[in-house]
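If you're matching them up, the sequences are chains A and B in order.
Throughout the first sequence, residue numbering follows this note's numbering, covering 11 to 556 in sequence.
Throughout the second sequence, residue numbering follows this note's numbering, covering 68 to 562 in sequence.
We put the beta carbon where it would ideally sit given N, CA and C, even for glycine.
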Amino acid sequence: MAESSVSLDTTSRNAVELIGICKTFPGGVHANKNITLRIREGEVHGLLGENGAGKTTLMNILYGLLTKDAGRIIIKGEEVELQSPQDAIVRGVGMVHQHFKLIPPLTVAENVVLGLEPILVSTKMESHLGGWSVKSVGVLSQILPVDLSAAEKRIVAIAEENGMNIDPKSKVMDLSVGQQQRVEVIKTLYRAADILILDEPTSVLTPQEVDELFVTLSKFKEQGKTIVLITHKLREPMILCDRISVLRDGELVGTVNREDTSPEQLARMMVGRSVSFTVEKPPKEPGSKVLSVTDLVVYNAQGLVAVKGVSFDVHEGEILGIAGVEGNGQTELVEGIVGLRKPKNGQVLVNGKDLTGKSPRKVRNAGVSHIPEDRHKKGLVLPFTIQENLVLGRHADVPFATGPRRMLLNLQESRRVSKDLVQTYSIKVSDVSSSAQTLSGGNQQKVVVARELAAQPKLLIAAQPTRGLDVGATEFIHQVLVGMRNAGLGVLLVSAELDEIVNLSDRIAVMFGGKIVAIRKPSDTTVEELGLLMAGHEVAGGSDER
Amino acid sequence: MTADESSAEVEVPLTTKPLSSLDLLNAKLYTWSFWKPVMWAVISIVLSLIVSAVIMLLSGYDPLLAYRTLFYGMIIQPDYALYFATPLILTGLSVALAFKCGLFNIGAEGQVYMGSMAAAIVGYAVALPIVIHPLTCLAIGAIAGGLWGFVPGLLKAYRGAHEVVTTMMLSYTAILFTQWLATYPLREPGQVQLTPQLPAILPSAAIPNVVGNYLHWGIALAIVSVFVVAFILNRTVLGYEMRAVGFNRDAAEYAGIDPRRNMALALGLSGALAGLAGAGEILGNYGRFIDHWSPGIGFDGITVAVLGRNHPWGTLLAAIFFGALRSGGTFMNAVAHVPIEMVGVIQGLIVLFVAAPRVNDWLAKSGFGYAIWVKNEPKIAVPNLAALVFGVISSVLALGYCTMKGLGGMFIGLYFLVAIVGAVSFGMTLSKYRRAPFIHVVLCMLWLLTGAVDSLYLGGVSFRTAAVMSIAGFMIAVALFWVRSKMIKEGRCQP
Chain A
11 MAESSVSLDT TSRNAVELIG ICKTFPGGVH ANKNITLRIR EGEVHGLLGE
61 NGAGKTTLMN ILYGLLTKDA GRIIIKGEEV ELQSPQDAIV RGVGMVHQHF
111 KLIPPLTVAE NVVLGLEPIL VSTKMESHLG GWSVKSVGVL SQILPVDLSA
161 AEKRIVAIAE ENGMNIDPKS KVMDLSVGQQ QRVEVIKTLY RAADILILDE
211 PTSVLTPQEV DELFVTLSKF KEQGKTIVLI THKLREPMIL CDRISVLRDG
261 ELVGTVNRED TSPEQLARMM VGRSVSFTVE KPPKEPGSKV LSVTDLVVYN
311 AQGLVAVKGV SFDVHEGEIL GIAGVEGNGQ TELVEGIVGL RKPKNGQVLV
361 NGKDLTGKSP RKVRNAGVSH IPEDRHKKGL VLPFTIQENL VLGRHADVPF
411 ATGPRRMLLN LQESRRVSKD LVQTYSIKVS DVSSSAQTLS GGNQQKVVVA
461 RELAAQPKLL IAAQPTRGLD VGATEFIHQV LVGMRNAGLG VLLVSAELDE
511 IVNLSDRIAV MFGGKIVAIR KPSDTTVEEL GLLMAGHEVA GGSDER
Chain B
68 MTADESSAEV EVPLTTKPLS SLDLLNAKLY TWSFWKPVMW AVISIVLSLI
118 VSAVIMLLSG YDPLLAYRTL FYGMIIQPDY ALYFATPLIL TGLSVALAFK
168 CGLFNIGAEG QVYMGSMAAA IVGYAVALPI VIHPLTCLAI GAIAGGLWGF
218 VPGLLKAYRG AHEVVTTMML SYTAILFTQW LATYPLREPG QVQLTPQLPA
268 ILPSAAIPNV VGNYLHWGIA LAIVSVFVVA FILNRTVLGY EMRAVGFNRD
318 AAEYAGIDPR RNMALALGLS GALAGLAGAG EILGNYGRFI DHWSPGIGFD
368 GITVAVLGRN HPWGTLLAAI FFGALRSGGT FMNAVAHVPI EMVGVIQGLI
418 VLFVAAPRVN DWLAKSGFGY AIWVKNEPKI AVPNLAALVF GVISSVLALG
468 YCTMKGLGGM FIGLYFLVAI VGAVSFGMTL SKYRRAPFIH VVLCMLWLLT
518 GAVDSLYLGG VSFRTAAVMS IAGFMIAVAL FWVRSKMIKE GRCQP
């Protein structure tokens with residue numbers, strides 16, 4: 011067993027030892043159950059698990075953000091009781107959170123030194139006073155000017171050392187997400203961290219930015235730093251990590267060496283059963299046209315043309331995948347079809363009925379269901395109960411509305427239907443009358459999917475349906491989409507994940523710069539060709555399948 | 068009873084009986100999330116009473132006598148309390164309903180005036196049978212107030228004009244418009260009073276009293292309105308859509324709800340409730356429209372809604388509480404001679420404390436360091452912040468006294484010393500110096516000493532100030548040292 015070989019290691023070689031960590035949140039969620047984890051000095055250690063498996067909780071305990079209920083923490087051979095992140099930082103532990111803790115209007119340098127200003131002041135004073143200690147200044151340090159120029163120099167030095175490129179004087183709000191992440195990394199390095207915890211660092215990055223991050227991380231490894239990489243994706247630890255620990259439901263399933271494992275094994279450890287990466291898809295003859303879009307032109311919120319004359323059809327029993335790098339008009343295209351944005355030109359026909367520029371309710375009533383790309387912003391009313399969310403959009407229709415002119419809510423009926431849906435889609439909830447905020451991301455998405463499919467649509471528009479979801483939930487959504495296609499629905503799938511598009515689609519349309527540049531059958535194309543098309547390169551000799 | 072019968076009885080409700088709303092309410096009563104805001108409301112009331120007591124002490128009133136009479140007055144005249152509560156329930160509901168749709172109706176006062184003017188006109192100018200007449204007046208009043216809310220609703224929905232600005236400005240328009248009506252075209256003929264007013268309403272239009280001289284049947288109307296608003300919000304499609312728009316406009320739009328229509332309707336309904344409040348007061352209480360008759364019931368509606376957490380039933384309780392405070396206040400004024408405005412101070416402080424956590428959350432979100440500290444470690448941050456504020460207040464007060472007295476070196480010297488130590492204590496606490504609590508204690512002792520010396524020579528306001536400051540200071544010190552000992556135990560602070 012891999013675990014036993016790990017525990018034989020002497021403690022001196024371990025950067026961090028977590029022994030028997032337990033954590034129960036108020037409300038009775040056992041986030042960590044007796045977890046023992048040893049992280050060796052100078053290794054890249056992957057911490058893998060589904061959403062809600064307890065990865066972030068465990069690392070927050072190591073970083074001093076949360077207090078453990080039981081167990082021991084040993085950092086570099088010294089047993090510690092961490093009361094705050096400060097205690098962890100002085101021992102060389104740094105953490106980059108999934109949601110950045112930066113102040114947008116401040117500059118990079120100001121963000122990096124945040125919390126260290128008094129120290130900066132004293133060092134500057136000391137240099138002026140010729141080595142005389144200014145610790146005694148105390149109160150005065152609050153009102154002395156902060157020496158930012160020295161900090162800026164050091165930030166540039168740290169950045170260059172690690173192959174990062176950043177201007178310390180630029181404001182954080184002007185930076186891209188990838189650059190903001192760099193600022194977070196520099197923040198930890200500035201505090202001389204040699205044990206670096208990265209929480210889902212790739213979830214917000216573009217593929218190119220991911221590659222850059224990995225280059226940086228391998229540089230850290232060369233310098234002998236210890237890195238803990240929290241992730242729920244299988245590809246990343248297989249590229250970068252030396253050893254991978256898998257958590258499931260708050261328990262450590264095991265620690266494996268990268269050489270001895272495979273993505274399939276890791277997925278099995280994560281989910282507790284084997285996971286199929288490819289979806290079984292029987293061949294199916296597409297039926298009549300469900301959706302027909304002709305010359306659609308849609309403007310974005312800034313008043314610029316985002317969709318420049320797009321035409322395509324979706325047939326019954328077919329999944330049409332729209333591939334493309336995000337921001338090439340996919341969002342506006344979907345919004346133009348479902349009525350959230352009025353098209354400037356063109357036509358949208360659903361089952362032969364003209365729905366161009368009709369209100370979202372009319373489009374819904376015509377049999378169109380829509381899984382929006384941002385479930386927090388559009389898909390759910392988070393403070394609403396699960397029951398209220400499960401009838402959203404159908405709340406004004408029989409049987410959920412009763413009484414004269416369907417003005418009253420039928421709470422009994424919606425409760426009954428909600429309970430059915432929760433069971434059918436195995437949504438993990440304590441009660442349908444608890445708020446949607448209490449659900450994990452995967453279960454929130456299941457609520458959206460359950461609701462949209464319960465409307466028995468003719469056409470399903472799924473935008474980024476698996477974004478931010480773990481392996482198990484992604485597999486579930488994929489099966490649901492293919493199941494709908496097999497049942498004769500037309501499915502329009504918009505996704506930035508090329509693998510997803512290739513695996514699920516019957517036809518693939520590539521969108522670039524607001525136009526559909528090509529439509530291909532998966533059998534007639536390669537991932538390389540699609541990648542080139544997505545990047546805007548003309549590919550000669552391709553046969554369009556309109 | 069046999070075993071078979073009992074088991075059958077257990078199974079039947081499990082399988083067939085649908086969960087009633089009463090069961091849901093029962094289940095809700097056992098959750099912390101339900102009791103937490105209630106707890107905080109009670110704590111806010113207690114805190115505001117403590118602070119008000121300090122203010123009364125400093126202004127030379129006896130807080131103990133004041134509170135005794137206040138509470139006595141709140142209890143002995145329930146009809147008087149409900150009389151004050153009647154319009155507050157309706158205006159509170161008005162603000163709460165708009166807020167559920169994500170709108171802040173700050174101009175309920177203007178809608179109150181429009182409603183009252185419309186009701187007063189119908190009340191004196193149209194002859195109708197008894198019962199029908201007041202009901203017609205109320206309906207017309209609600210419609211007038213509703214229109215006055217609907218206009219900013221339309222502006223918000225279709226033109227994007229912010230409702231805080233438009234409702235506020237239309238509020239002034241309404242007050243001045245009704246003033247003009249009462250002064251010129253509709254002024255009571257042959258009237259000699261200085262305050263412009265309309266002719267009295269016909270007796271058929273008056274709302275009779277329930278009991279006594281004050282409480283009229285408008286209270287029944289207000290309580291029915293609570294039921295109606297609760298029903299609209301929780302049981303109708305309209306209420307569901309309004310709440311959806313209030314929580315998440317994008318998601319509502321995505322789900323086929325028209326946010327514009329709902330926002331306009333919500334402000335219209337909100338205005339109708341405020342108009343109803345105004346109409347009820349005219350018919351049941353004033354008997355005619357008098358210029359500037361309202362003691363600010365529209366604005367008080369905002370405080371009622373805040374204390375009631377924008378919940379219909381919470382609004383009812385909050386309005387009754389504020390009504391009782393008003394009725395107790397008049398009693399307190401009569402017996403303890405504390406100005407009636409003190410009730411306004413208590414009321415304002417309650418709202419301040421109720422809203423404090425939300426304001427703090429907002430500040431913490433926008434990156435304000437102390438707010439983040441209070442949010443993450445309230446037990447440590449609050450005593451420290453109190454010490455910080457105490458230092459500043461000490462410094463300012465003492466400086467004030469040492470310039471004011473001009474009475475020999477000893478007073479000037481003592482107060483000057485207090486001012487300096489106060490400033491030092493402030494600085495030390497600000498820089499989180501670990502021995503700051505000791506300086507704080509020195510400051511408290513100096514206040515005690517000053518108070519003792521002062522009592523020998525002068526007494527009066529400065530003596531009371533010193534006494535209050537030393538007591539408050541020592542209470543903060545106890546908290547500070549408790550926190551300190553805790554931190555030392557956890558190893559976060561050197562002894």
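query: In three-state DSSP terms, what is A:Y73?
result: coil
- prompt: Can at least three beta-carbon pairs, one atom from the stretch 217 to 233 of chain B and one from the stretch 331 to 339 of chain B, be found at a separation below 8 angstroms?
  reply: yes
task: Please decide whether A:G141 counts as near chain B, where near means a Cβ-Cβ distance under 7 angstroms.
output: In this prediction, A:G141 scores a pLDDT of 48, lower than 50, which makes its location untrustworthy; no coordinate-derived value is stated.
field: Residue range of the beta strand (DSSP E) that includes A:E328
entry: E328 to A333
- prompt: What does A:H109 touch in chain B if you count any residue whose Cβ is under 9 angstroms from its own?
  reply: The premise fails here: A:H109 is roughly 13 angstroms from chain B at the closest Cβ pair, so nothing lies under 9 angstroms.
- request: State the Cα-Cα distance for the pair A:L343 and A:R426, rounded to the nearest angstrom.
  value: 35 angstroms
- prompt: Can you name the residues of chain B whose CB is closer than 9 angstroms to the CB of A:A460?
  reply: The contacting residues do not exist; A:A460 stays about 14 angstroms from chain B at best.
query: DSSP state of B:A267, grouped into three classes?
result: coil
query: Which residues does DSSP pair with A:A411 in a beta bridge?
result: A:L419
field: Closest Cα partner of B:S361 within the set B:T370, B:G345, B:L300 and B:G351
entry: B:G345
query: Counting contacts by CB-CB distance shorter than 7 angstroms, is B:N315 in contact with chain A?
result: yes
- request: Would you mind stating whether A:S424 and A:Q397 have Cβ atoms separated by less than 7 angstroms?
  value: yes
- request: Could you pull the start and end residues of the alpha helix (DSSP H) that A:K181 belongs to?
  value: Note, A:K181: premise wrong, no alpha helix (DSSP H); not H, not E.
field: Contacts that B:G193 makes with chain A (C-beta to C-beta distance below 7 angstroms)
entry: Checking the sequence, you will find Val at residue 193 of chain B rather than Gly. Those do not exist, as B:V193 stays about 31 angstroms from chain A at its closest Cβ, beyond 7 angstroms.
Pair within 7 angstroms by beta-carbon distance, A:H40 and A:G313: no
query: Among all the DSSP beta bridges, which residues are the ones paired with A:V360?
result: A:L301 and A:K363
- prompt: Alpha carbon to alpha carbon, how far is A:T241 from A:C251?
  reply: 11 angstroms
- request: Measure the alpha-carbon distance for B:V410 versus B:L419 and round it to whole angstroms.
  value: 14 angstroms
- prompt: Based on Cα-Cα distance, which residue from A:V457, A:S94 and A:N496 lies nearest to A:P293?
  reply: A:N496
A:D509, enclosing alpha helix (DSSP H) - first and last residue: L508 to L514
message: Helix, strand or coil for A:T241? Go by DSSP, reduced to three states.
response: strand
query: Is the CB of A:V391 under 7 angstroms away from at least one CB in chain B?
result: yes
message: By the 9 angstroms beta-carbon criterion, what residues does the stretch 352 to 372 of chain A contribute toward chain B?
response: S369, P370, R371 and K372
query: When you compare each of A:L419, A:L158, A:V360 and A:R101 to A:V123 by their alpha carbons, which one comes out closest?
result: A:L158
message: Checking the sheet assignment: what are the DSSP bridge partners for A:C32?
response: A:A80
- prompt: In the stretch 406 to 420 of chain A, which residues sit with their C-beta less than 8 angstroms from some C-beta in chain B, listed in chain order?
  reply: A406, A411, R416, M417, L418 and L419
message: Short of 9 angstroms Cβ to Cβ, which residues in the stretch 316 to 334 of chain B face chain A?
response: D317, A318, A319, E320, Y321, A322, G323, I324 and D325
- prompt: Using a Cβ-Cβ cut-off of 8 angstroms (strictly less than) and excluding sequence neighbours within five positions of A:E88, which residues of its own chain qualify?
  reply: R101
Expected contact under 8 angstroms - CB spacing of A:F394 and A:S445 to nearest Å: 7 angstroms
- request: Quick one: measure Cβ to Cβ for A:S515 and A:I329, integer angstroms, because I've assumed they're closer than 8 angstroms.
  value: 5 angstroms
message: Across the stretch 374 to 387 of chain A and the stretch 349 to 362 of chain A, are there enough close Cβ pairs to call them in contact, namely three or more that are closer than 8 angstroms?
response: yes
field: Buried versus exposed call for A:P178 [16 or more other C-beta atoms within 10 Å across all chains shown]
entry: buried
message: Could you pull the DSSP bridge partners for A:T67 from this structure?
response: DSSP, once it has assigned bridges, lists no residue as partnering A:T67.
task: Starting from the Cα of A:K111, find the closest Cα among B:Y150, B:S433, B:A448 and B:L416 and give me that residue.
output: B:S433
message: In the DSSP output, what is A:E89 paired with across the bridge?
response: A:I84
Member of B:V488, B:G227 and B:K446 whose CA lies at the smallest distance from the CA of B:I460: B:V488
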